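K.L.:
The listed protein sequences correspond, in order, to chains A and B. Everything in the first sequence is counted per my numbering, starting at 43 for the first residue and increasing by one. Everything in the second sequence is counted per my numbering, starting at 4 for the first residue and increasing by one. Don't be surprised by glycine CBs; every beta carbon is placed ideally from N, CA and C. This structure is a prediction, so every number in the text was calculated from the model and none was measured. I'd like to ask you about the structure that follows.
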Amino acid sequence: MADKETVIGLETRISGEVRGEEDLVVRGRIDGRVQITQTLTVEKGATVQADVDVRHLVVSGTVVGAIVASESVKLTSTARVVGDLASPRVMMEAGAAYRGRVDMGDIAAARAAVSSRAVQRSAGSEKPAIRPAPPRMASAAKAVVAGKVAAPAAPAPPAARSATVATAVAAGAPGPASPPAFPRVAGAMGAMSPAWAKKKIRRR
Amino acid sequence: MGNTVIGSSIVIDGEITGEESLTILGTVKGKISVAQNVAVEAGSTVEADIEAQTVTVSGRLTGNVVARERIELKPESKMVGDAKSPRIVIADGAGFKGNVDMDV
Chain A
43 MADKETVIGL ETRISGEVRG EEDLVVRGRI DGRVQITQTL TVEKGATVQA
93 DVDVRHLVVS GTVVGAIVAS ESVKLTSTAR VVGDLASPRV MMEAGAAYRG
143 RVDMGDIAAA RAAVSSRAVQ RSAGSEKPAI RPAPPRMASA AKAVVAGKVA
193 APAAPAPPAA RSATVATAVA AGAPGPASPP AFPRVAGAMG AMSPAWAKKK
243 IRRR
Chain B
4 MGNTVIGSSI VIDGEITGEE SLTILGTVKG KISVAQNVAV EAGSTVEADI
54 EAQTVTVSGR LTGNVVARER IELKPESKMV GDAKSPRIVI ADGAGFKGNV
104 DMDV
């Protein structure tokens, strides 16, 4: 169909909606929404912060957003993905960092949920304040997959949660492990002493 | 160093920014701002304001164009909008409607 494949280059950023009936390779960045009837490839170093609706998805970079792939999803060893994922075939390589729910069942329902969310987002200006996971996330996941369960330094970072999800998926149990409560950082309240408290101290 | 290519079946609704060249074979609506060249190829439809080093139009372009170096309208191209650039080339057979500003 197309004489050239569609590539979003390394130094290019798109904010908005991308639709199409061909393969799309992202090396740069897309914010918004991607709807492709073929394969979306997110290369290493690329970032897609968008709701994604595609046939095949291959991630080696970073994806943040709800993912619906009508045929398959592959997270390679360098992938970092945050967001719910719906696809009949899901592959995760050792080293892939992922946080979210995996649904290998009802794709239609997931797609409806994503599209309604997109409508909400365009109506209001809901901006998800999700930042990509820290780099140690990947190494933590790797360690657990390899069987060496190194106890993470306290307090347990969110990486521990994603690691358990990753192993659960690798073991063939796609059920979402309910994440443990986020550990409260001790002394966080003390660090942010309100203005009135400071005033009292000064008076004394 | 790969540049950006928007394929013929792709529709982009929004803003494209970048430091490299952009080739459009599909449809783009919104705003384009790149450091290098923009090529609006034959068969493509662009409804966007464009800011770039050079802009070459072979397809249909609706929008205002500001190019730091040059704007080139190839034969068979159609452009509606204002063109601002120190050098503007309009080939025989090109269609153009709008203001031309060469900073003179």
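How should Ser47 (chain B) be labelled, buried or exposed, when 16 other C-beta atoms within 10 angstroms of its C-beta is the threshold for buried?
P.N.:
Along the second sequence, read from residue 1 onward, the residue named residue 47 (chain B) stands at position 44. Ser47 (chain B) should be labelled buried.
K.L.:
Here's a check: name, in chain order, each residue in its chain whose Cβ is nearer than 8 Å to the Cβ of Pro174 (chain A), leaving out the five neighbours to either side.
P.N.:
If you number the first sequence from 1, residue 174 (chain A) lands on position 132. Any reading at Pro174 (chain A) must be qualified, since the residue scores a pLDDT of 49, below 50, and its modelled position is unreliable; the value itself is stated next. These residues qualify, in order along the chain: Thr89, Thr104, Val106, Arg122 and Val124.
K.L.:
Is the Cβ of Asn40 (chain B) closer than 9 Å to any Cβ of chain A?
P.N.:
Residue mapping note: residue 40 (chain B) aligns to position 37 of the second sequence, counting from 1. So no, Asn40 (chain B) is outside the interface.
K.L.:
According to DSSP, which residues form a beta bridge with Asp145 (chain A)?
P.N.:
Here residue 145 (chain A) refers to the residue found at position 103 of the first sequence. Answer is A:Ala128.
K.L.:
From Asp95 (chain A) to Ala86 (chain B), what does the alpha carbon distance come to, in whole angstroms?
P.N.:
Residue 95 (chain A) sits at position 53 when you count from the first residue of the first sequence. Residue 86 (chain B) sits at position 83 when you count from the first residue of the second sequence. Those two C-alpha atoms are separated by around 37 Å.
K.L.:
Compare the beta carbon distance of Ser102 (chain A) and Gly74 (chain A) with 9 Å and say whether it is the shorter of the two.
P.N.:
Looking up residue 102 (chain A) in the first sequence gives position 60. Looking up residue 74 (chain A) in the first sequence gives position 32. No; because the gap between Cβ atoms is not below 9 Å, this pair is not in contact.
K.L.:
How about Val37 (chain B): is its C-beta nearer than 9 Å to some C-beta of chain A?
P.N.:
On the second sequence, residue 37 (chain B) is found 34 positions in, with the first residue counted as 1. By this cut-off, Val37 (chain B) is an interface position.
K.L.:
What three-state label does DSSP hand Ser112 (chain A) in the structure shown?
P.N.:
In the first sequence, the residue the question calls residue 112 (chain A) occupies position 70. Three-state result, Ser112 (chain A): strand.
K.L.:
Would DSSP call Ala182 (chain A) helix, strand or coil?
P.N.:
Counting from 1 along the first sequence, the entry for residue 182 (chain A) is found at position 140. Note on Ala182 (chain A): pLDDT 43, under 50, position unreliable in the model; the coordinate value appears next. Reduced to three states, the DSSP call for Ala182 (chain A) is helix.
K.L.:
Whose CA, out of A:Lys86, A:Thr48, A:Glu53 and A:Leu52, lies closest to the CA of Val76 (chain A)?
P.N.:
Along the first sequence, one-based indexing puts residue 76 (chain A) at 34. Closest by alpha carbon: A:Thr48.
K.L.:
Can you check DSSP and say which residues form a bridge with Asp52 (chain B)?
P.N.:
On the second sequence, residue 52 (chain B) is found 49 positions in, with the first residue counted as 1. B:Lys34, per the DSSP bridge assignment.
K.L.:
Using 9 Å as the limit for Cβ to Cβ distance, is Ile15 (chain B) near chain A?
P.N.:
Here residue 15 (chain B) refers to the residue found at position 12 of the second sequence. Output row for Ile15 (chain B): interface = yes.
K.L.:
Just to confirm my understanding: we take Asp106 (chain B), look at its own chain, exclude 5 residues before and 5 after, and list those with CB closer than 7 Å. What are they?
P.N.:
Locating residue 106 (chain B) in the second sequence gives position 103, where the first residue counts as 1. Here the set comprises Pro89.
K.L.:
What is the residue span of the beta strand (DSSP E) that Glu72 (chain B) lies within?
P.N.:
As a working mapping, residue 72 (chain B) is identified with position 69 in the second sequence. Start and end: Val68 to Leu76.
K.L.:
Would you verify that the beta carbon of Val8 (chain B) is, or is not, closer than 9 Å to some beta carbon of chain A?
P.N.:
Here the question's residue 8 (chain B) lines up with position 5 in the second sequence. Chain A contact via Cβ: present.
K.L.:
Establish whether the CB of Val273 (chain A) and some CB of chain B are separated by less than 9 Å.
P.N.:
There is no way to answer for residue 273 (chain A), as the model of chain A reaches only from 43 to 246.
K.L.:
For Val156 (chain A), which of helix, strand or coil comes out of DSSP?
P.N.:
Residue mapping note: residue 156 (chain A) aligns to position 114 of the first sequence, counting from 1. Residue state, collapsed to three classes: helix.
K.L.:
Does the separation of the CB atoms of Ala12 (chain B) and Gly62 (chain A) fall below 9 Å?
P.N.:
Within the second sequence, the letter at position 9 stands for residue 12 (chain B). Within the first sequence, the letter at position 20 stands for residue 62 (chain A). Checking the displayed sequence, the identity of residue 12 (chain B) turns out to be Ser instead of Ala. Yes, these two residues count as a Cβ contact at 9 Å.
K.L.:
On a CA-only basis, which of A:Lys116, A:Asp126, A:Ser114 and A:Ala138 is nearest Ala92 (chain A)? Give me that one, please.
P.N.:
In the first sequence, the residue the question calls residue 92 (chain A) occupies position 50. Nearest C-alpha to Ala92 (chain A): A:Asp126.
K.L.:
Would you mind sorting Asn1 (chain B) into buried or exposed? The rule is 16 or more other CB atoms within 10 Å of its CB.
P.N.:
Residue 1 (chain B) cannot be examined here, being either before or after the span of chain B that is shown, 4 to 107.
K.L.:
What are the residues in the stretch 78-98 of chain A lying within 7 Å of chain B by C-beta distance?
P.N.:
Within the stretch 78-98 of chain A, no residue has a Cβ that lies closer than 7 Å to any Cβ of chain B.
K.L.:
Measure the C-alpha to C-alpha separation of Gln39 (chain B) and Glu18 (chain B) and round it to an integer number of angstroms.
P.N.:
Residue 39 (chain B) sits at position 36 when you count from the first residue of the second sequence. Residue 18 (chain B) sits at position 15 when you count from the first residue of the second sequence. Going by the C-alpha atoms only, they are around 16 Å apart.
K.L.:
Excluding the five sequence neighbours on either side, which residues of its own chain have a C-beta within less than 7 Å of the C-beta of Ala111 (chain A), listed in chain order?
P.N.:
Position 69 of the first sequence holds residue 111 (chain A). Once the five neighbours on either side are set aside, the close Cβ partners of Ala111 (chain A) are Val96, Arg97, His98, Leu99 and Ser129.
K.L.:
In this structure, does DSSP put Ala151 (chain A) in helix, strand or coil?
P.N.:
Taking the first residue of the first sequence as 1, we reach residue 151 (chain A) at position 109. The answer is helix: DSSP assigns Ala151 (chain A) an H, G or I state.
K.L.:
Suppose you measure from the CA of Asp95 (chain B) to the CA of Glu64 (chain A); what does that come to, to the nearest Å?
P.N.:
Taking the first residue of the second sequence as 1, we reach residue 95 (chain B) at position 92. Taking the first residue of the first sequence as 1, we reach residue 64 (chain A) at position 22. So the alpha carbons of these two residues sit roughly 34 Å apart.
K.L.:
What are the residues that DSSP puts in a beta bridge with Ile9 (chain B)?
P.N.:
Within the second sequence, residue 9 (chain B) is the residue found at index 6, counting from 1. Beta-bridge pairing links Ile9 (chain B) to B:Ile27.
K.L.:
From the DSSP secondary-structure annotation, give me the bridge partner or partners of Gln91 (chain A).
P.N.:
For the purposes of this step, residue 91 (chain A) is taken as residue 49 along the first sequence, with counting starting at 1. According to DSSP, Gln91 (chain A) bridges with A:Asp73 and A:Val106.
K.L.:
What are the residues of the stretch 52-67 of chain A that lie near chain B, defined by any Cβ-Cβ distance shorter than 9 Å?
P.N.:
So the close ones are Leu52, Glu53, Thr54, Arg55, Ile56, Ser57, Gly58, Glu59, Val60, Arg61, Gly62, Glu63, Glu64, Asp65, Leu66 and Val67.
K.L.:
Please return the same chain residues whose Cβ sits closer than 6 Å to the Cβ of Val156 (chain A), not counting the five positions on each side in sequence.
P.N.:
Position 114 of the first sequence, counted from the first residue, corresponds to residue 156 (chain A). If we look at Val156 (chain A) and ignore the five residues flanking it on each side, its Cβ neighbours are Asp93, Ala108 and Val110.
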